[in-house]
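Each residue of the sequence shown is one higher than the one before, starting from 508 at the first, in this note's numbering.
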Amino acid sequence: SPQHYSCIGTVPASVDAYANSYHGYSYYCNDTLVPRGSAFNGDWRTQVDVSAVVHLPLPKQFDASIRLDVFNVLNSKSVTSFNEFGQLSDDSPNSNYRKPVAYQSPRYARLQFRLGF
508 SPQHYSCIGT
518 VPASVDAYAN
528 SYHGYSYYCN
538 DTLVPRGSAF
548 NGDWRTQVDV
558 SAVVHLPLPK
568 QFDASIRLDV
578 FNVLNSKSVT
588 SFNEFGQLSD
598 DSPNSNYRKP
608 VAYQSPRYAR
618 LQFRLGF
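So this is what it looks like as structure tokens:
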């Protein structure tokens, strides 16, 4: 299910007059208390991975195999993280609020050779 995000901003002087001196960030955005995780939801994330192993015919004292793993077969491109800072340290609105910070890894493969003796 999607991740729930907050709106993080500076603590208003009416709540803590000294918060600005120690950069007191909290769940206040534009002087409004926003309950944690209630500002917006992220994307649903799906990923299909597959794996195949082939055992190689070698003399009995050896155990060899080749393995192929393919991750994110469908090449899904979900956003995995959003910016949840709604205010900057100077109390101005953050223009990057709710914008993507990280994306799902693209399709990739791993080839593995194994030899046991």
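Don't be surprised by glycine CBs; every beta carbon is placed ideally from N, CA and C.
What first and last residue would you give for the beta strand (DSSP E) that runs through residue i?
{"i": "Gln672", "result": "Nothing can be reported for residue 672: it is not among the residues displayed for the chain, which extend from 508 to 624."}
{"i": "Pro600", "result": "Element bounds for Pro600: n/a, residue is neither H nor E."}
{"i": "Thr553", "result": "Element bounds for Thr553: n/a, residue is neither H nor E."}
{"i": "Ser588", "result": "586-589"}
{"i": "Ala483", "result": "Past the boundaries of the shown model lies residue 483; the chain is included only from 508 to 624, so the question cannot be answered."}
Using 9 angstroms as the threshold, is the C-beta distance between residue i and residue j below it?
{"i": "Asn582", "j": "Pro613", "result": "yes"}
{"i": "Val580", "j": "Asp550", "result": "no"}
{"i": "Tyr532", "j": "Gly516", "result": "yes"}
{"i": "Phe547", "j": "Phe589", "result": "yes"}
{"i": "His511", "j": "Ser558", "result": "no"}
Roughly how far, in whole angstroms, is the beta-carbon of residue i from the beta-carbon of residue j, given that I think they are within contact range, below 8 angstroms?
{"i": "Val611", "j": "Ser585", "result": "Reading off the sequence, residue 611 comes out as Gln, not Val. That belief holds up - the Cβ atoms of Gln611 and Ser585 are roughly 5 angstroms apart, short of 8 angstroms."}
{"i": "Ser521", "j": "Glu591", "result": "No, Ser521 and Glu591 are not in contact; Cβ-Cβ is about 23 angstroms, not under 8 angstroms."}
Original post:
Can at least three beta-carbon pairs, one atom from the stretch 590-610 and one from the stretch 566-578, be found at a separation below 8 angstroms?
Top reply: no
Original post:
If we count Cβ pairs, one from each stretch, closer than 8 angstroms, do we get three or more for the stretch 534-542 versus the stretch 573-584?
Top reply: no
Original post:
For the stretch 555-579, which segments carrying the alpha helix (DSSP H) assignment without a break, of at least 4 residues, lie completely within its bounds, in sequence order?
Top reply: none
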